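Per my numbering, the sequence shown starts with residue 505, numbered consecutively.
Written out below as C-alpha cells is the structure these notes cover.
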Amino acid sequence: MCLAVPGRIIKIENDSKHAIVDFGGSRRKVNIMLIPEVKVGDYVLVHAGFAIQKLRAKDAEEIIEDLKRIMHAFLGDVS
C-alpha cells in the first residue's frame with residue numbers, strides 16, 4: 505500500500521521541474537515534472553518526492569483534516 509500526502513506549493517524553482525511544497529509547516533523540495541501546469545498556491549498530492557496529481561483546495565483541506573483525525577486517534581494530541 506502506498507501513501508500520498510497533500511501539500512501546497514509555495515515556490516517553483518527556476519528549473520521549473522521542482523517546487524517547494526508546504527506540508528503543514530514542514531517544507532520539502534518536490535519534483536513537479538509529472539504535472540508541469542501547477543503554480544504557486546496549488547495543492548498537489550505527493551508520493552515518493554513526486555507531485556502526482558493536482559488537487560482542488562477544498563479536497564486537499566478535507567484530506568488534511570482526515571489525516572489529522574487519524575493521527576489523533578492513533579497518537580493522541582501531537583500539538
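Ideal Cβ placement from N, Cα and C applies to all residues, glycine included.
Predicted, not measured: the structure shown is a model, and the values here were computed from it.
Handout entry: Candidates Lys521, Gly553, Asp519: closest to Arg532 by CA position
Key = Counting from one through the sequence shown, the residue named residue 532 turns up at place 28. It is Gly553 whose Cα lies nearest to the Cα of Arg532.
Problem - Cutoff 8 Å; reference Ile556; Cβ partners in own chain excluding five residues on either side - result: Along the sequence shown, one-based indexing puts residue 556 at 52. Excluding residues within five positions, the ones whose Cβ falls inside 8 Å are Ala508, Leu538, Ile539, Val548, Leu549, Val550.
Exercise for the section: Can you tell me which of the three DSSP states Lys562 falls into? Expected result: By one-based count along the sequence shown, residue 562 stands at place 58. Reduced to three states, the DSSP call for Lys562 is helix.
Exercise for the section: Reducing DSSP to helix, strand and coil, say where Ala577 ends up. Expected result: Looking up residue 577 in the sequence shown gives position 73. Looking at Ala577 - three-state DSSP - the assignment turns out to be helix.
Practice task
Taking 7 Å as the cut-off, decide whether the C-beta atoms of Pro510 and Ile574 are in contact.
Solution key: Position 6 of the sequence shown, counted from the start, is the residue given in the question as residue 510. Position 70 of the sequence shown, counted from the start, is the residue given in the question as residue 574. No, they are not a contact pair.
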